[in-house]
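Input: a single structure, listed below in structure tokens.
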Amino acid sequence: MATDGSERGRYHRYKAATNVVLTWLQEATQPKNTNITVRARSANVAEWSVSQIWTAALEVVEAATPVPCRILRELGTAVRLRHEYSLKMPPDDGHMHVLNTFRAIEARWTPLVSAKTPTSTTPFDLTTFSPPTDATDAAHTRLVARLEGAQFQCVFFLLDLDDMNREVKLAWEMFQRGEMSLIAATAVTNACVHTVDELSKTLRIAHPHFEDLDHIMAFLVCEELLIDLVVGNADLTLSTAVEVVVLAKRAMIDEFRPAAEHTIAKALQTTITAAACLIDRVLNQYETPSRFGDLEWTATLDTSLVNLQQGLHTMIKVLPPGTRSAVPDGFFNRHWPERHGLASSPSDLLKTFLAHILPVFLLHDAGDVMLPREPTTNPLFTLLRTYVKTKRVPVALVFACQSLLWSLVYTQGTSDAHYANIVDDTRVTIARVTSQLTTCCEFADGRFVPAATASNMAMALRWLVNLRVTTSPSKPFGQMEVDRAWFNPYMAGQLLLTITTDITFTLGLTTIDDIGQARAMIHLYNALRVLDKIPANKDLDTLVAMFERGKSLWLSGRPTSRGDIGCGRLLARSYNAVKLTSRDRLDHRSAAQKKMQSRCDALSQRRLPIEPAHVSKAYRYVTRTTTSDDGPLTKLPRALHIKGVIDRDHDCFQYLNLCMVGQLFRGAWKEMVTAFSVSDLLLVPLVPAQGVVDGPRRETDANVRLPNVNLFFKLLLILCARDPDDHRVAKAAEAMMHVAERMHEAYIAPPVVTK
1 MATDGSERGR
11 YHRYKAATNV
21 VLTWLQEATQ
31 PKNTNITVRA
41 RSANVAEWSV
51 SQIWTAALEV
61 VEAATPVPCR
71 ILRELGTAVR
81 LRHEYSLKMP
91 PDDGHMHVLN
101 TFRAIEARWT
111 PLVSAKTPTS
121 TTPFDLTTFS
131 PPTDATDAAH
141 TRLVARLEGA
151 QFQCVFFLLD
161 LDDMNREVKL
171 AWEMFQRGEM
181 SLIAATAVTN
191 ACVHTVDELS
201 KTLRIAHPHF
211 EDLDHIMAFL
221 VCEELLIDLV
231 VGNADLTLST
241 AVEVVVLAKR
251 AMIDEFRPAA
261 EHTIAKALQT
271 TITAAACLID
281 RVLNQYETPS
291 RFGDLEWTAT
301 LDTSLVNLQQ
311 GLHTMIKVLP
321 PGTRSAVPDG
331 FFNRHWPERH
341 GLASSPSDLL
351 KTFLAHILPV
361 FLLHDAGDVM
371 LPREPTTNPL
381 FTLLRTYVKT
391 KRVPVALVFA
401 CQSLLWSLVY
411 TQGTSDAHYA
421 NIVDDTRVTI
431 ARVTSQLTTC
441 CEFADGRFVP
451 AATASNMAMA
461 LRWLVNLRVT
471 TSPSKPFGQM
481 EVDRAWFNPY
491 MAGQLLLTIT
501 TDITFTLGLT
511 TIDDIGQARA
521 MIHLYNALRV
531 LDKIPANKDL
541 DTLVAMFERG
551 KSLWLSGRPT
561 SRGDIGCGRL
571 LARSYNAVKL
581 TSRDRLDHRS
591 AAQKKMQSRC
601 DALSQRRLPI
611 EPAHVSKAYR
621 YVTRTTTSDD
631 GPLTKLPRAL
641 HIKGVIDRDH
651 DCFQYLNLCM
661 VGQLFRGAWK
671 EMVTAFSVSD
681 LLLVPLVPAQ
691 GVVDGPRRET
701 DANVRLPNVN
711 LFFKLLLILC
721 ARDPDDHRVA
731 KAAEAMMHVA
741 ERMHEAYIAP
751 PVVTK
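Anchor point for the sequence shown: position 243 equals 243 in the UniProt record's numbering, and the numbering is continuous, going up by one each time.
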């Protein structure tokens, strides 16, 4: 189940708190006999005016109705968020009117709470409060209320955006200091990008005209102008008015002005001269220092975000599809000469991004080579593809590009996390994983490689080969430009995160046990360790610990004594003694028939699938899935929390390519089958070309068609439990030692900067 970042935003929390309070207030003031006063209030609490809320609150006080603690707590949340909004905004009578009403209600209700509650952090003097009254001009009041409500939601959205930007900066700053891995910093950034995307979509659902940052800023900077436009033009909607202001603002570029004048004149049904005057008025408001325009009222945002939005919009409008244009120096901003001076902020990197990084992505054609989870592990490239297709600049794209620039700011210089080191180490990792998958695809024995495994391996290998071709120099772009685009810190981290999540882990989990080799090897390794027949191996121990998190191998816990070895494997195959007994009681076949076809045993021993979400919390964070154990997410992403989750999982097992581990286990499986001459013990002959007929349906290589080999490994576990000194146990220990000695071949070999 995908998480919803909008549920963690300030506006959602404010609405949830006020809805709880107003719903309780409606129930508390509903008398047994309906009177005129109550009937005047709408049944929908969202339609209540401030004066109606105050009247209902006074009814609670007059009736001395006990107020639950949770209601006062929710009211305090609404007051706190409103107060935070007031600190960021210029004085506003409408907002302070609502805030003071909530504070007055909180002060009146506090004595009605039976339990002790914490005192308010913002004391309120009731003697200075004037009760609210309904306005006389209903139409104008509705317009102003709509503008105030939209502004309220916009400011909360920008404050959430500010929080996400702070977490991104913290992540890359910690990466620079060596306190966070590249993959963890990327995971933090991805989580923030996804959250911003969801918050912006929620904002657009409530206000469709807020399609990008330009429309949001136009609404905040030109609020009075919007009121004049809507009031002065009876047929003009608020959405159209915002669009007119944005169009006028973008007319600051001379090439766009003639078209803007004609469009505005048509929308307002006025002359070209009047449209030109409106454009000049809008541009004057933007050029005048504004509290909203420069975003200085936030903690970490500045004009670089607005400039990046403008650059992205201009780039996609001016540049023809499939072409690249050379721009004069200083066209976007000053050049970034890393050798001679370091960039101090994303503003210094704007030209580098728009002129040298963005064109590489705009001219790239990914085709159909996409991994299933790539949209979540590589959100920047996904947003860029949508940007090229729709020619729109969503807020999430601007934020993701800004995050890329922050990653460059914090990786410039001569430290170990230097940009060039990231490029080299990422190339080495990609080459190593490609080599490992090539080795996996060359395993020729079809009897031990199901068709689904071969197909999935080939798809992943094709993606890696395509990536290596994409990141090689081409006719339009040299090696420096390609490296700057594909192997900048954020993009390189996304590629490594995609490889780690989608190939070496998720695909690895589907292939590590495709013929049952992982269950056999892990159970056998654990049994040999219990018997102290082989020394401990760090890599195999981490795999055992990984499988302990799920229920696929250790259904009732990892066996730690000889007596639990055989029972542990039976439970892992869903063996249920009670169910078997019940079926035997209803089975009226003869003993000979039961021996010839052990249907009950087959039905009661099915392998449980290995689900990545069950064994890795990092996987759930990266792919944005949840399980029943995670609980609801009620807070915005935090860098330190995500770092801990990613690091714990990476230290446990994410340094291993599970695809390669599956091949090592497959080789050990084959080695044991050959060494013990299992084919001589088979009850059903193996015929690879025709399949095996066992009962009414045909089994193929794609299914697990080696029941006798599985029976052999079951026999080995029984020997470990009953006769650990048997020579076959010694041979199995020798084969397991060979696997342990080769486990280093499955290392992903992460870059030095990710350790």
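Even glycine gets a Cβ: it sits at the ideal position worked out from N, Cα and C.
In or out: residue i buried (at least 16 other Cβ within 10 Å) or exposed?
i	result
aspartate 513	buried
histidine 523	buried
glycine 478	exposed
methionine 480	exposed
glutamate 106	buried
valine 739	buried
valine 469	exposed
histidine 97	exposed
lysine 755	Reliability of the predicted coordinates at lysine 755 is poor, the pLDDT of 39 falling under 50, and the value obtained from them is presented with this limitation in mind. By the 10 Å Cβ count, lysine 755 comes out exposed.
proline 612	buried
asparagine 190	buried
alanine 400	buried
leucine 464	buried
glutamate 179	exposed
Out of the options, point me to the one whose CA is closest to residue i's CA.
i	options	result
valine 530	His744, Gly478 and Thr560	Thr560
proline 111	Leu143, Pro68, His97 and Val79	Pro68
threonine 438	Cys401, Ser51 and Cys659	Cys659
isoleucine 227	Arg742, Leu238 and Ala218	Leu238
glutamine 402	Gln309, Asn466, Lys391 and Ala458	Gln309
aspartate 162	Arg728, Glu296 and Ala248	Glu296
valine 360	Thr377, Leu319, Thr390 and Val369	Leu319
aspartate 539	Asn657, Arg70 and His194	Asn657
leucine 384	Trp486, Gly293, Arg8 and Ser345	Trp486
leucine 543	Pro535, Ser590, Tyr655 and Gly413	Tyr655
threonine 501	Ala184, Thr65 and Glu27	Ala184
glutamine 663	Asp532, Ala545, Ala518 and Pro258	Ala518
phenylalanine 292	Val306, Ser616 and Thr453	Val306
asparagine 537	Glu741, Pro375, Thr314 and Asn421	Glu741
proline 609	Thr510, Ile534 and Thr240	Thr510
leucine 247	Glu671, Asp348, Ala234 and Cys222	Cys222
lysine 643	Lys533, Val168, Ser552 and His12	Val168
Pull up the distance between the alpha-carbon of residue i and that of residue j, whole angstroms please.
i	j	result
glutamate 224	leucine 236	15 Å
leucine 87	leucine 203	22 Å
valine 20	valine 60	16 Å
phenylalanine 102	leucine 75	7 Å
phenylalanine 353	alanine 458	35 Å
arginine 250	alanine 104	45 Å
leucine 404	glutamine 30	55 Å
tyrosine 490	histidine 262	42 Å
alanine 492	leucine 268	48 Å
methionine 672	serine 200	57 Å
valine 79	valine 188	30 Å
leucine 496	isoleucine 430	8 Å
leucine 143	valine 230	9 Å
asparagine 637	histidine 194	Asparagine is not the amino acid found at residue 637; the sequence shown has proline there. Answer to the nearest angstrom: the Cα atoms are 10 Å apart.
cysteine 154	isoleucine 216	7 Å
Starting from residue i, trace the alpha helix (DSSP H) both ways and give me its first and last residue.
i	result
tyrosine 525	517-530
phenylalanine 381	379-390
methionine 546	538-549
leucine 664	658-675
threonine 18	10-28
residue 763	No answer is possible for residue 763: the residues shown for the chain start at 1 and end at 755.
histidine 614	612-615
tyrosine 655	It is not in any alpha helix (DSSP H) - tyrosine 655 carries neither H nor E in the DSSP assignment.
isoleucine 512	It is not in any alpha helix (DSSP H) - isoleucine 512 carries neither H nor E in the DSSP assignment.
leucine 52	With the sequence shown as reference, residue 52 is identified as glutamine, and leucine is not the correct amino acid for it. Segment 50-62, the alpha helix (DSSP H) holding glutamine 52.
tryptophan 486	479-486
phenylalanine 353	Careful: phenylalanine 353 lies outside any alpha helix (DSSP H) and carries neither H nor E.
arginine 281	272-287
For residue i and chain C, any beta-carbon pair shorter than 9 Å?
i	result
leucine 384	Of the protein chains in the structure, only one exists, and it is not chain C.
Residue i: beta carbon under 8 Å from a heavy atom of the ligand MG?
i	result
arginine 432	As presented, the structure is devoid of all ligands, the ligand MG included, so that no description of it is given.
* Go through the region 411-476 residue by residue and report every complete run of the alpha helix (DSSP H) that reaches 4 residues or more, in order. => 419-441 and 451-470
* Every unbroken alpha helix (DSSP H) inside the region 292-326 [4 residues or more] -> 303-318
* To do: Just list the alpha helix (DSSP H) runs in the region 187-261, keeping only unbroken ones of 4 residues or longer that don't cross its boundaries, in chain order.
  => 213-221, 223-232 and 238-250
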